[in-house]
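Sequential numbering from 22 applies to the sequence shown in the numbering used here. Notes follow once the structure below has been shown.
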Amino acid sequence: MLDRRIHLRNPTAEFYSPAVLKGYRLDFNLYVPSWRGAAATIVTDPGSSVWGAVWIIERKQMYRLDEQEGVHLRWYIPINVTVTTPQGRDLIARTYRESILLPKLSEGETLPPARRPSNTYLQVMILGAYEAGLPPQYIGYLHTFPTNGRIADSHIRNKLGYPFNVSDLISLFNSSAGTNSKDVLYETEKWVSDESLFPHTNGAPGQILQAIQNSQIALVDNAPKGTQLKLLLLLEGKQKLYFKPKRYELDNVIKGKIYAGYDRHNSEVFAYYLAMVLNFKWIAPSVIRKIHIDKDIVPKATLALNKTMVKNESGSTCIYGKCFYCKRNETVCPDQNGEIEGAAILYLDRQFKIHKSPWRRSYTTRKMEWEEDNNFCKKVIGTLSLKRILNLIDVAVFDFLIQNGDRHRYEVYKDQIVLLDNGKGLGNPTVDELDILAPLYQCCMLSSKTWQNLELLSGGSLSETIELLAGYQGNKLATEEHFKAVDRRLMKIYATVQYCIGKYGSTKVLKKN
Numbered sequence: 022m023l024d025r026r027i028h029l030r031n032p033t034a035e036f037y038s039p040a041v042l043k044g045y046r047l048d049f050n051l052y053v054p055s056w057r058g059a060a061a062t063i064v065t066d067p068g069s070s071v072w073g074a075v076w077i078i079e080r081k082q083m084y085r086l087d088e089q090e091g092v093h094l095r096w097y098i099p100i101n102v103t104v105t106t107p108q109g110r111d112l113i114a115r116t117y118r119e120s121i122l123l124p125k126l127s128e129g130e131t132l133p134p135a136r137r138p139s140n141t142y143l144q145v146m147i148l149g150a151y152e153a154g155l156p157p158q159y160i161g162y163l164h165t166f167p168t169n170g171r172i173a174d175s176h177i178r179n180k181l182g183y184p185f186n187v188s189d190l191i192s193l194f195n196s197s198a199g200t201n202s203k204d205v206l207y208e209t210e211k212w213v214s215d216e217s218l219f220p221h222t223n224g225a226p227g228q229i230l231q232a233i234q235n236s237q238i239a240l241v242d243n244a245p246k247g248t249q250l251k252l253l254l255l256l257e258g259k260q261k262l263y264f265k266p267k268r269y270e271l272d273n274v275i276k277g278k279i280y281a282g283y284d285r286h287n288s289e290v291f292a293y294y295l296a297m298v299l300n301f302k303w304i305a306p307s308v309i310r311k312i313h314i315d316k317d318i319v320p321k322a323t324l325a326l327n328k329t330m331v332k333n334e335s336g337s338t339c340i341y342g343k344c345f346y347c348k349r350n351e352t353v354c355p356d357q358n359g360e361i362e363g364a365a366i367l368y369l370d371r372q373f374k375i376h377k378s379p380w381r382r383s384y385t386t387r388k389m390e391w392e393e394d395n396n397f398c399k400k401v402i403g404t405l406s407l408k409r410i411l412n413l414i415d416v417a418v419f420d421f422l423i424q425n426g427d428r429h430r431y432e433v434y435k436d437q438i439v440l441l442d443n444g445k446g447l448g449n450p451t452v453d454e455l456d457i458l459a460p461l462y463q464c465c466m467l468s469s470k471t472w473q474n475l476e477l478l479s480g481g482s483l484s485e486t487i488e489l490l491a492g493y494q495g496n497k498l499a500t501e502e503h504f505k506a507v508d509r510r511l512m513k514i515y516a517t518v519q520y521c522i523g524k525y526g527s528t529k530v531l532k533k534n
């Protein structure tokens, strides 16, 4: 049981040890309205085992635990069982089982929807398992239980502080401008730190995004570098933004290769929030912005940009821009309100070192070495520092969640990889291209700090947190299918890490950087 949950009603309880209960299995059945899903129980089952945590509670406080488990309502029945610690010590412990005995599911049968726990409930169980030090294989087993996709009532979430890593983030993004937009961006431009690319305290992220979203535009030009159409916006305070225009509706599904199609503007913004939730602070702030073709672009366009503008059949001014793949017949046009939506990305006026990714693709039918050699990481270890390899694995985890398979090179600033060009994510919510995770499963190592952050995001709270934070700027970033896909991919990351831990042990897999 999660520390903070047991201490809600039993503040003097003390954790003693993880332990295994043999001859029982874990199951779910009783629907609890406040949790908005089924609660866990144990059922006698020879040959099965249930792992849990042993807590020491004063006898005079036991009634509180009975109340919490609904003994007076006959929801649960207290029983005494013999459990065994990892050191082989047998203990008599008090536990609870539902009053209804459940038949075992047949092989291949999934938990019925009516008996599934909520996202919140399962996450509390999993976090409690991590906290108690249960075996990695058993924690991996907990991750296999399906949920009903719901979250608990607000009073339970508030007591537990759920989603568990979001309270600090809310204070960063749910902030009024407070400071003049020009001042915010000027301070950001001059920011110097070895911990982050931009300020991340005192509401700075929210203020930066508001400044990017609302500052007046002084000049608009082509941004010719790269393969995709984007504009360079010069603000009145002399700061610069990249503007990647919208090419697809949110529900458009990109078929074909993982790197197919135009860049997705919403992927750039989604990537920024994802990085913040993962505590990856080396990424440019990005937010959805709409700019008016006749008010913000045409009267402020450079001569070079004007040359890449054409009229469409309805008489609207459209832009094809200047880039490697830009074509006159592939334009971006305003909507019926005369606006072009896009991702506004703070321009990084920094000197980056550019490196080829060891796990880059050939973009042809030719296989790269890493695609054919599962021991490829041994060669990488011989050429790169542990810090850089862990950084590349972090990037792989990040890219896998959004399915960005187009990171053929990476930029480094102050010995940290900067997450640039994230527009190839969110293409197809039904696809999980596992080879994006090759750095993780070939090296079988991960920063312990990254793993701690990932542990907090199970049970649907990853997508919930991104959706919550983006809402403060009024951004809808993806369809429900994409949000579910991100949570599904997180489960595959868990499974990969658990596989590595089971094979090599946690001390060899989880590295302190």
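Note that the Cβ used here is the ideal one computed from N, Cα and C, for glycine as well. If you're wondering where the values come from, they're calculated on a predicted model, not measured in any experiment.
- Rounded to whole angstroms, the Cβ separation of Leu262 and Tyr368 is 6 Å, and the two are in contact under 8 Å.
- Exclusion of the five residues before and after Ala417 leaves Trp380, Ile457, Leu458, Ala459, Pro460 and Leu461 as the residues of its chain whose Cβ lies within less than 8 Å of its Cβ.
- In the structure shown, Asp442 falls within a coil segment according to DSSP collapsed to helix, strand and coil.
- In this structure, the alpha-carbon of Gln437 lies about 19 Å from that of Asp427.
- Close CB contacts of Ala74 within its chain, under the 7 Å cut and outside five residues either way in sequence, are with Met22, Phe36, Pro39, Gly149 and Ala153 (chain order).
- The bridge partners DSSP lists for Met330 are Ile340.
- Beta-bridge partners assigned by DSSP to His313: Glu360.
- Nearest in C-alpha terms to Glu362, of all of Asn50, Lys388 and Lys497, is Lys497.
- Excluding residues up to 5 positions away in sequence, Glu502, His503 and Ala506 lie with their Cβ nearer than 6 Å to the Cβ of Pro450 in the same chain.
- By the neighbour-count definition (other C-beta atoms within 10 Å, threshold 16), Tyr142 is a buried residue.
- In this structure, Ser378 sits away from Arg310, with a CB-CB distance that is not shorter than 7 Å.
- Distances from the alpha-carbon of Ile410 to those of Ile229, Leu422, Gly495 and Val433 put Val433 closest.
- Remark: three or more beta-carbon pairs, one from each stretch, lie closer than 8 Å, so the region 292–307 and the region 216–233 are flagged as touching.
- For Ser175, the enclosing alpha helix (DSSP H) has its first and last residue at Ser175 to Leu181.
- Looking at the backbone, the Cα of Thr517 and that of Leu467 are separated by about 11 Å.
- Cys344 and Thr352 do not touch by the CB rule: their CB atoms are close to 13 Å apart, not below 8 Å.
- When Cβ pairs closer than 8 Å are counted between the two stretches, the region 163–174 is seen to touch the region 127–142, the count reaching three or more.
- With 16 or more other CB atoms across the displayed protein chains lying within 10 angstroms of its CB, Ser236 is buried.
- In the DSSP assignment, Tyr525 falls within the alpha helix (DSSP H) that extends over Glu501 to Tyr525.
- As summarised for the region 193–279, the continuous beta strand (DSSP E) elements at least 3 residues long and confined to that stretch are 238–243, 252–256 and 261–266, given in chain order.
- The DSSP assignment places complete alpha helix (DSSP H) segments of no fewer than 4 residues inside the region 375–423 at 390–393, 397–402 and 407–423, in order along the chain.
- From the listed residues Leu163, Lys435 and Thr62, the smallest Cα separation to Gln372 is found for Lys435.
- Annotation for Ser469: the continuous alpha helix (DSSP H) segment containing it runs Ser469 to Glu476.
- Beta-bridge partners assigned by DSSP to Asn101: Arg115.
- Inter-residue distance for Lys513 and Thr165 is about 10 Å (C-alpha atoms, whole angstroms).
- Unbroken beta strand (DSSP E) stretches of 3 residues or longer found wholly inside the region 33–98: 35–53 and 58–77, given in chain order.
- Checking the DSSP bridge columns, you'll see Ala365 partnered with Phe264 and Val308.
- In the structure shown, the three-state DSSP call for Gln144 is helix.
- When the five nearest sequence neighbours on each side are left out, the beta carbons in the same chain lying within less than 7 Å of the beta carbon of Val53 are those of Ala60, in order along the chain.
- In the DSSP assignment, Leu531 forms a beta bridge with Leu467.
- Between Val71 and Leu123, the alpha-carbon positions lie close to 16 Å from each other.
- CA-CA distance, Ala281 to Lys445, rounds to 8 Å.
- Taking a 10 Å sphere around the C-beta of Asn395, we find fewer than 16 other C-beta atoms and assign the residue as exposed.
- For Val433, the enclosing beta strand (DSSP E) covers residues Arg430 to Tyr434.
- In this structure, the CA atom of Pro245 is about 23 Å from the CA atom of Asn333.
- Secondary structure of Ala459 (DSSP, three-state): helix.
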